[in-house]
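Have a look at the structure below, then the notes.
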Amino acid sequence: MFYLTPFRRSRSSLVRENNWFDMDKLFEDFFSDSYFPVFLPGSNAIRADIRETDKEYIIEAEVPGVSKDNIKIDLRDDVLTIAVDYNEETKIEEKGYIRKERRSGSFCRSFHVDNIKHEEVKAKYNDGILTIVLPKKEEGRRNGRTIEIQ
């Protein structure tokens, strides 16, 4: 459930020199997101564990650093969607130094879920983990028969 998120330093193109022997730049470019997009998952993906018991499905989704108010869960036509919208602004003032940062974005993930009791689905959010419990419907005995060919 835990993944390492790659960190990439970016240098300003105004101060970058064209130095073929700059090993830091060589490694930085080689391990950048654009070079290995398949191996470095995006930071906006919702990672989830899905468990099944006899009576329910349990989805544990990672949504760290997001307020519960910014998470929306929809269940429509056997599709469960977790959507996150966030806008965050940090302003820190210290001795002669001012820093103001903004972070915003949105992302979602959908799951096909059938054979569940829609009205009994529950969710809770604690320490960056969103837990959704989807109770299963009791499967009735299905009628079946062998069809004779004439």
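In this note's numbering, the protein residues as written are 10 to 159.
All C-beta atoms, glycine included, are put in the ideal place defined by N, C-alpha and C.
Apart from the five residues on each side of it in sequence, which residues of its chain come closer than 7 Å, Cβ to Cβ, to residue i?
i    : result
Y134 : K77, I80
E110 : T99
Give me, in chain order, the residues of the same chain whose beta-carbon lies closer than 6 Å to that of residue i; leave out the 5 immediate sequence neighbours on both sides.
i    : result
T62  : none
L139 : A70, V72
I176 : Outside the shown range of the chain, which is 10 to 159, sits residue 176, and nothing can be said about it.
Rounded to the nearest angstrom, what separates residue i and residue j at their Cα positions?
i    : j    : result
G69  : A92  : Correcting the residue type first, residue 69 is Glu in the shown sequence and not Gly. Going from the Cα of E69 to the Cα of A92 covers about 14 Å.
K126 : A54  : 27 Å
D136 : K64  : 26 Å
V130 : I101 : 41 Å
R118 : I59  : 13 Å
F116 : D87  : 20 Å
G105 : G74  : 29 Å
A57  : E128 : 22 Å
R85  : I107 : 46 Å
V122 : E103 : 51 Å
Y66  : V142 : 6 Å
Near residue i, what residues of its chain come up, given a Cβ to Cβ distance below 8 Å and the 5 sequence neighbours on each side ignored?
i    : result
S113 : Y95, N96, E97
K146 : N124, I125, K126
Quick check on residue i: does DSSP put it in helix, strand or coil?
i    : result
K64  : coil
D78  : helix
E129 : helix
V122 : coil
G114 : strand
V72  : coil
A54  : coil
E98  : strand
K145 : strand
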